[in-house]
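These notes concern the structure reproduced below.
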Amino acid sequence: MKELLLTTMLIWLALAAFSHTTFDLRDVNGVNYVTSVKSQQGDNNGVINDLLSIFLGRKILT
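Residue numbers (the working numbering): 5 to 66.
Set out below in structure tokens:
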């Protein structure tokens with residue numbers, strides 16, 4: 005059973021190594037599914053407080 009599993013895994017890895025399937029979402033039948041880059045600047049205190057509340061297990065008031 006282990007030999008069959010090992011053989012199957014080796015075949016799968018060999019097929020995956022030689023597979024050159026790629027997906028380019030910039031041009032799918034002429035449609036662009038990639039959004040533009042958004043501004044990353046601004047106030048991140050809300051995000052930081054949300055993460056801290058998850059880690060600490062309580063709501064932090066701002």
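Just so it is clear, CB atoms sit at the ideal spot from N, CA and C, and this is done for glycine as well.
In this structure, does DSSP put residue i in helix, strand or coil?
i: valine 41; result: coil
i: phenylalanine 22; result: helix
i: methionine 13; result: helix
i: glycine 61; result: coil
Please tell me whether residue i and residue j are closer than 8 Å, where the distance is taken between their beta carbons.
i: valine 41; j: arginine 30; result: no
Have a look at the DSSP bridge pairing and note the partners of residue i.
i: valine 32; result: Val35
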